[in-house]
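**Student:** In my numbering, the protein residues as written are 1 to 342.
The structure's right below; bear with me while I get my questions together.
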């Protein structure tokens, strides 16, 4: 992952002199799908050790860049494009946001409405209304707490992680190595650190509630599913994968009357099999359109689209997007732009 990040940083730097229209023409890739998690001018402890989120000023600059070079399109346009396989005539973009975080209602949606930009917000059904917290956010909160803990507590946490066989070079690294399967250990560690996730979320709500989701729908935004509780799909069985998809989509339909069945994979779609995708889509399956995070990529499955992560560092939208286009061009001779599954 670090090598890919370095390559993308390098291509972003090298692509700066290139006009966007030239990159679009050279690649013949008219559609880009930038995605974020949230936007905030405040430091958010549950994200601080995981993501480089945009502040409002930087996000506005991102939007201005995108609007200069691409036409905003809605989710229905993407569904139609995938169904008909007719490419878009003009360079276009569709924004999306994962995890259903509070700021997409309080900060992001007003900015998008101001600029006339449609977007899709992908929500985890298990976290709506702050019923629980994504286990990686819990890790970030514990990392935030670490400078305050005593040597005795540190030793207790280390012993516990030894027992669970969760290893890394540092204690922080060990916390970051905790997987979905071992997420229960986070509550034990929080107790050792005298920290309460419940108290934190009561004081600092992280997620959208049902009323806010209804407001976003009323404002014309699209709501999609992002699994029930955000596992890494390659770490769970195909049956559990499908259960996560169905549970989240059915929750959206039952609680909000959402008929558009869009799904973005939590973490990524890495190592998700061809047979799973074959069972995923309507009419046999549950999904109209699905989304990954592999940047500017093509798929053997036309109803699976890849998005460009926009929170990988301090790079501008111009650098990130141009870098993706140049990276695509560099890989083209080696036929590395189409993802094949097994």
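Glycine residues also receive a C-beta, built at the ideal position from the N, C-alpha and C atoms.
Remember, predicted model here, so these are calculated numbers, not experimental data.
I need the DSSP call for residue 35, collapsed to helix, strand or coil.
**Tutor:** Residue 35 falls in the strand class under three-state DSSP.
**Student:** Run through the DSSP bridge pairs and tell me what residue 298 is partnered with.
**Tutor:** Note: residue 298 sits in a beta bridge opposite 338.
**Student:** If you draw a straight line from the C-alpha of residue 212 to the C-alpha of residue 84, how long is it?
**Tutor:** One C-alpha to the other measures close to 33 Å.
**Student:** Between which two residues does the alpha helix (DSSP H) holding residue 329 run?
**Tutor:** Looking at the DSSP string, the run of the alpha helix (DSSP H) that includes residue 329 is 317–331.
**Student:** Using a 10 Å radius around the Cβ and a threshold of 16 neighbouring Cβ atoms, would you call residue 179 buried or exposed?
**Tutor:** When all chains shown are included, residue 179 counts as exposed.
**Student:** Looking only at its chain, what residues have a beta carbon closer than 8 Å to the beta carbon of residue 60, apart from the 5 residues adjacent to it on each side?
**Tutor:** Cβ within range, chain order: 111.
**Student:** On the DSSP bridge assignment, give the partners of residue 117 in chain order.
**Tutor:** Residue 117 is not bridged to any residue.
**Student:** Judging by CA-CA distance, which residue of 280, 277 and 69 is the nearest neighbour of residue 19?
**Tutor:** Residue 69 is the option with its Cα nearest to residue 19.
**Student:** Determine the burial state of residue 254: buried for a count of at least 16 other Cβ atoms within 10 Å of its Cβ, exposed for fewer.
**Tutor:** Flag for residue 254 reads exposed.
**Student:** With DSSP as the reference, please indicate the residues paired to residue 123 in a beta bridge.
**Tutor:** Answer is 225.
**Student:** Using 10 angstroms around the beta-carbon of residue 142, count the other beta-carbons present and answer buried if the total reaches 16, otherwise exposed.
**Tutor:** Per the 10 Å Cβ criterion, buried.
**Student:** So, are the CB atoms of residue 289 and residue 245 less than 8 Å apart?
**Tutor:** Not a contact, by the Cβ cut-off of 8 Å.
**Student:** Assuming contact is defined by CB atoms lying nearer than 8 Å, are residue 96 and residue 122 in contact in what I supplied?
**Tutor:** Result yes, Cβ atoms of residue 96 and residue 122 sit closer than 8 Å.
**Student:** Ignoring anything shorter than 4 residues, give me the alpha helix (DSSP H) runs that lie fully in the stretch 193–275, in order along the chain.
**Tutor:** Complete alpha helix (DSSP H) runs here, min 4: 197–203, 210–218 and 238–256.
**Student:** If contact is defined by three or more beta carbon pairs under 8 Å, each pair taking one atom from either stretch, is the stretch 129–141 in contact with the stretch 73–92?
**Tutor:** Contact between the stretch 73–92 and the stretch 129–141 is absent, because fewer than three Cβ pairs lie under 8 Å.
**Student:** Among 293, 302, 327 and 125, whose alpha-carbon lies nearest the alpha-carbon of residue 33?
**Tutor:** If we check each option's Cα against that of residue 33, 293 comes out closest.
**Student:** Counting only runs that start and end within the stretch 41–98, where is the beta strand (DSSP E) found for 3 or more residues in a row?
**Tutor:** DSSP runs (the beta strand (DSSP E)) wholly in the stretch 41–98: 95–98.
**Student:** Can you tell me which of 262, 297 and 274 puts its alpha carbon nearest to the alpha carbon of residue 79?
**Tutor:** Minimum Cα distance to residue 79 is reached at 262.
**Student:** Note down, in chain order, each residue of its chain lying with its Cβ closer than 8 Å to the Cβ of residue 55, except the 5 sequence neighbours on either side.
**Tutor:** Counting only Cβ-Cβ distances below 8 Å, and skipping sequence neighbours, we find 39, 40 and 41.
**Student:** Give the secondary structure of residue 309 by DSSP, where H, G and I count as helix, E and B as strand, and everything else as coil.
**Tutor:** Residue state, collapsed to three classes: strand.
**Student:** Identify whether residue 292 lies in helix, strand or coil by the three-state DSSP scheme.
**Tutor:** Residue 292 falls in the strand class under three-state DSSP.
**Student:** Only counting the same chain, and skipping five residues up and downstream in sequence, which positions put a Cβ closer than 8 Å to that of residue 37?
**Tutor:** Same-chain partners within the cutoff: 47, 51, 53, 97, 98, 99, 101 and 311.
**Student:** Is it true that the stretch 238–252 meets the stretch 207–225, where meeting means three or more beta-carbon pairs spaced less than 8 Å apart?
**Tutor:** Yes: at least three Cβ pairs fall under 8 Å.
**Student:** Straight-line CA distance for residue 16 to residue 320?
**Tutor:** The straight-line gap from Cα to Cα measures roughly 10 Å.
**Student:** Excluding five sequence neighbours on each side, which residues of the same chain lie with their C-beta closer than 6 Å to the C-beta of residue 161?
**Tutor:** Counting only Cβ-Cβ distances below 6 Å, and skipping sequence neighbours, we find 174.
**Student:** Quick check: what's the CA-CA separation for residue 45 versus residue 236?
**Tutor:** Roughly 28 Å separates the two Cα atoms.
**Student:** Quick check on the DSSP output: the alpha helix (DSSP H) that includes residue 21 runs from which residue to which?
**Tutor:** Note, residue 21: alpha helix (DSSP H), 20–27.
**Student:** Do residue 295 and residue 354 come within 8 Å of each other at the CB atom, strictly closer than that value?
**Tutor:** Residue 354 lies beyond the range of the chain shown here (1 to 342); nothing can be said about it.
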